[in-house]
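What follows is a short report on a single structure.
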Amino acid sequence: MRPARIHAHPADPEDRRHPRRCGRYDLRDRARSRHVAELPVIRSSSGFTLVELMVAIMIFTFGLLAMAGTASLLMTMIAGSQSGTMAAAVAESRFEVLRATACASRTSGSTVSRGISEAWTRIALARADDVTVTVTFVRNRRARAESFQSFIPC
313 MRPARIHAHP ADPEDRRHPR RCGRYDLRDR ARSRHVAELP VIRSSSGFTL
363 VELMVAIMIF TFGLLAMAGT ASLLMTMIAG SQSGTMAAAV AESRFEVLRA
413 TACASRTSGS TVSRGISEAW TRIALARADD VTVTVTFVRN RRARAESFQS
463 FIPC
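In my numbering, the protein residues as written are 313 to 466.
Shown next, in the form of structure tokens:
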């Protein structure tokens, strides 16, 4: 490639192509200005604009945050139901122990098993015992008490 030439032109007051310049015109400047001016703007219909991509990323981010919040809520609910199920199993176990015991030997009492405190009361009736088992357990970082009642025949 050969170097560009500088043409010396006399200052022409009639020359309106370059109103700010007078005297010499640089070949490179004219070539650049023509080159930029003559380039057609090609717009492709394929692809995405930057704004479209940013909006899509924001929508995707909000969706992910919503899913994370839902997953957190589900984990809390599962943990709470698991502790409730364990408390119900402890109460059922206490009823089975009392059913296996003779009527005269059944008494009220309390104990702690598997981290769940349980208290049971016995009310003697004519041909059965009215037994209420109250279990206290932690659900969602709060202490919760559930009562279960059953009649155990004598």
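Just so you know, even glycine gets a beta-carbon here, dropped at the ideal spot from N, CA and C.
None of the values given here were measured: they were computed from a predicted structure.
For R406, the enclosing alpha helix (DSSP H) starts and ends at L362 to A412. Contact annotation, V450 with S395: C-beta distance approximately 6 Å; criterion of less than 8 Å satisfied. In this structure, R439 places its C-beta atom within 8 Å of the C-beta atom of P465. Judged by DSSP in its simplified three-state form, S417 adopts helix. Taking a cut-off of 8 Å for Cβ pairs, the region 403-419 and the region 373-390 do not touch, as fewer than three such pairs fall below it.
Here E430 is near R406, since their CB atoms are less than 8 Å apart. DSSP places A440 inside the beta strand (DSSP E), whose first and last residues are A440 to R451.
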